[in-house]
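Structure, as structure tokens:
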Amino acid sequence: MSKVSNALYEVVDGLARRVLDAVPSGQPNAEARDAWGALLLIAQNWRDSPDLPADLKTVDDKALPL
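Quick note on numbering: the working numbering labels position 31 of the sequence shown as 31, and the sequence is numbered without any gaps.
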């Protein structure tokens, strides 16, 4: 389980970096937009996990209310 958790962390971290790197420019960025979509899919699929961080649940609830 630890290896899976670490792998998921690495994926989320890499995607989040793409999004955050694009923020200062204020310009549309297809790579950041795709990374944001992937982060939302991860959050949506992880939404019922008791291990979901509260901040990520808030983002998921606001971005993809179900």
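In this text, a Cβ means the ideal position worked out from N, Cα and C, and glycines have one as well.
Close Cβ partners of Ala-35 (< 7 angstroms) along its chain, the five nearest in sequence each way excluded: Excluding residues up to 5 positions away in sequence, Leu-15, Arg-18, Val-19 lie with their Cβ nearer than 7 angstroms to the Cβ of Ala-35 in the same chain.
Below 8 angstroms on the Cβ atoms is my guess for Val-12 versus Ile-42; work out the distance and round it to an integer in Å. Between Ile-42 and Val-12 the Cβ distance is about 6 angstroms, and since that is below 8 angstroms, they are a contact.
Using a 10 Å radius around the Cβ and a threshold of 16 neighbouring Cβ atoms, would you call Ala-32 buried or exposed? Under this definition Ala-32 is a buried residue.
Would you tell me roughly how many angstroms separate the C-alpha atoms of Asn-45 and Asp-55, rounded to the nearest one? Whole-angstrom Cα-Cα distance: 15 angstroms.
Exposed unless 16 or more other CB atoms sit within 10 angstroms - verdict on Leu-8: So Leu-8 ends up on the exposed side.
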